[in-house]
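Engineer: In the working numbering, the protein residues as written are 113 to 350.
Idealized CB from N, CA, C, for every residue including glycine.
Fair warning: this is a prediction, and the values are worked out from it, not measured in the lab.
Once you've had a glance at the structure underneath, I'll fire off some questions.
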Amino acid sequence: MSQTVLITGTGRPYALGFNLVKRYLEAGDTVFASIRRPSEALEELKKDWPGQLEILTMDIASTESVNAAAREAGKRTDHLDLIINNATTASADTEKDLPDFDLDLIAPAVNTGAVGPIRVVKAFLPLLKKSAIGALIVNISSEAGSIGRCYRTFYLDYGTEKAALNMLTMTLHNWLKDEPNINIFCLHPGWIRTNPGNNEAPLIPYEHAETLRNLFETKRHDKNGPVFITYTGEAYPW
Ligand SMILES: NC(=O)c1ccc[n+]([C@@H]2O[C@H](COP(=O)([O-])OP(=O)(O)OC[C@H]3O[C@@H](n4cnc5c(N)ncnc54)[C@H](OP(=O)(O)O)[C@@H]3O)[C@@H](O)[C@H]2O)c1
Numbered sequence: 113m114s115q116t117v118l119i120t121g122t123g124r125p126y127a128l129g130f131n132l133v134k135r136y137l138e139a140g141d142t143v144f145a146s147i148r149r150p151s152e153a154l155e156e157l158k159k160d161w162p163g164q165l166e167i168l169t170m171d172i173a174s175t176e177s178v179n180a181a182a183r184e185a186g187k188r189t190d191h192l193d194l195i196i197n198n199a200t201t202a203s204a205d206t207e208k209d210l211p212d213f214d215l216d217l218i219a220p221a222v223n224t225g226a227v228g229p230i231r232v233v234k235a236f237l238p239l240l241k242k243s244a245i246g247a248l249i250v251n252i253s254s255e256a257g258s259i260g261r262c263y264r265t266f267y268l269d270y271g272t273e274k275a276a277l278n279m280l281t282m283t284l285h286n287w288l289k290d291e292p293n294i295n296i297f298c299l300h301p302g303w304i305r306t307n308p309g310n311n312e313a314p315l316i317p318y319e320h321a322e323t324l325r326n327l328f329e330t331k332r333h334d335k336n337g338p339v340f341i342t343y344t345g346e347a348y349p350w
């Protein structure tokens with residue numbers, strides 16, 4: 113059965129979001145792909161999938177922008193079955209330790225990487241509630257957001273935003289406990305080759321997007337399983 117999916121942060125052809133868009137289109141689904149600025153790659157993709165791919169402009173750091181995108185989506189669909197909160201950010205200082213890190217960069221990173229996905233959930237909730245197959249929200253987190261496994265001395269912004277995203281996900285999971293039609297979890301997706309200058313990462317975005325697509329379907333109605341998981345489906349330590 114085909115579904116209607118929203119994926120954020122989809123403008124870079126070498127990154128995960130764009131490749132998730134491709135995989136869902138190939139599976140026959142309708143995809144709302146959001147970007148914060150024009151993407152030539154996504155426009156090209158739309159030529160191949162004119163009836164299935166909808167492009168939305170949405171800056172997840174801005175409540176106004178997210179609410180406007182939700183209103184726009186509501187004109188083009190009457191429901192959503194899946195939201196993949198993929199967009200994220202890291203500051204220019206992300207690999208620096210405390211003495212060299214501008215601490216004022218942490219709050220904007222948290223605003224985008226942790227509050228952003230929850231803004232999206234809040235604004236698109238009315239569409240999720242109308243899913244006929246049971247709606248799913250996937251927040252793409254990272255092992256960098258695990259406090260229990262934290263070993264780095266850097267990622268002061270990125271680690272904090274992902275840890276905050278995990279907390280927000282668990283809190284919404286609790287809130288949605290008695291809502292049979294909506295499920296939510298967060299995921300460490302693995303180390304993916306999304307940096308064009310770095311071929312060290314083992315997972316190829318297009319191939320890995322299909323692994324994740326299949327995993328997400330096993331989690332749609334799983335309200336009692338782990339809420340922070342890795343791409344193999346196993347629990348990851350908070
Ligand atoms: N790659 C990995 O190995 C890895 C490992 C663990 C977790 N993850 C997580 O997996 C997800 C995808 O990773 P990736 O490496 O493919 O990401 P990426 O290449 O860094 O792409 C992030 C996307 O988020 C968008 N974005 C940034 N700020 C935004 C905003 N304010 N509003 C809307 N969109 C915004 C960017 O848009 P622009 O193109 O306009 O900048 C970009 O398309 C992320 O959540 C990341 O944290 C990745």
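Does DSSP put leucine 168 in a helix, in a strand, or in coil?
Structural biologist: Locating residue 168 in the sequence shown gives position 56, counting from the first residue. Three-state DSSP puts leucine 168 in a strand.
Engineer: Would you decide whether glycine 228 is buried or exposed? Buried here means 16 or more other CB atoms lie within 10 Å of its CB.
Structural biologist: Along the sequence shown, one-based indexing puts residue 228 at 116. Buried: at least 16 other Cβ atoms inside 10 Å.
Engineer: Among Asp160, Asp290 and Ala244, which residue has its Cα nearest to the Cα of asparagine 336?
Structural biologist: Taking the sequence shown and counting its residues from 1, the one referred to as residue 336 is at position 224. Nearest of Asp160, Asp290 and Ala244 to asparagine 336, Cα basis: Asp290.
Engineer: Determine the DSSP secondary structure at leucine 118, reduced to helix, strand or coil.
Structural biologist: Position 6 of the sequence shown, counted from the first residue, corresponds to residue 118. Of the three classes helix, strand and coil, the one that applies to leucine 118 here is strand, per DSSP.
Engineer: Sorry if obvious, but does the Cβ on methionine 113 come closer than 8 Å to a heavy atom of ligand 1?
Structural biologist: Within the sequence shown, the letter at position 1 stands for residue 113. No.
Engineer: Can we say the region 143–151 touches the region 165–185, given the rule of at least three CB pairs closer than 8 Å?
Structural biologist: With the cut-off at 8 Å, the region 143–151 and the region 165–185 touch.
Engineer: Quick check on glycine 140: buried or exposed, where buried means 16 or more other Cβ atoms within 10 Å of its Cβ?
Structural biologist: On the sequence shown, residue 140 is found 28 positions in, with the first residue counted as 1. Exposed is the call here.
Engineer: Would you say threonine 201 touches ligand 1, meaning its beta carbon is less than 8 Å from a heavy atom?
Structural biologist: Working through the sequence shown from its first residue, we reach residue 201 at position 89. It does: the Cβ of threonine 201 is within 8 Å (strictly closer) of some heavy atom of ligand 1.
Engineer: Between which residues of its own chain and threonine 189 is the CB-CB distance below 6 Å, once the five residues before and five after are set aside?
Structural biologist: If you number the sequence shown from 1, residue 189 lands on position 77. The answer, listed in chain order, is Thr116.
Engineer: From which residue to which residue does the alpha helix (DSSP H) around phenylalanine 328 run?
Structural biologist: As a working note, residue 328 is residue 216 in the sequence shown. Per DSSP, phenylalanine 328 belongs to the alpha helix (DSSP H) from 317–331.
Engineer: Under the rule that 16 or more other beta-carbon atoms within 10 Å means buried, what is tyrosine 270, buried or exposed?
Structural biologist: Translated into the one-based positions of the sequence shown, residue 270 becomes position 158. Looking at its Cβ environment, which holds 16 or more other Cβ atoms inside 10 Å, tyrosine 270 is buried.
Engineer: Whose C-beta lies closer than 8 Å to the C-beta of asparagine 223 among residues of the same chain, with five residues either side of it excluded?
Structural biologist: Indexing the sequence shown from 1 puts residue 223 at position 111. Answer for asparagine 223: Ala173, listed in chain order.
Engineer: Whose C-alpha, out of Lys274, Pro292, Asn293 and Phe297, is nearest the C-alpha of leucine 284?
Structural biologist: The residue given as residue 284 occupies position 172 in the sequence shown. That would be Phe297, whose Cα lies nearest to the Cα of leucine 284.
Engineer: State the DSSP-derived secondary structure class of threonine 342, mapped to helix, strand or coil.
Structural biologist: Here residue 342 is taken as the residue at index 230 of the sequence shown, counted from 1. Of the three classes helix, strand and coil, the one that applies to threonine 342 here is strand, per DSSP.
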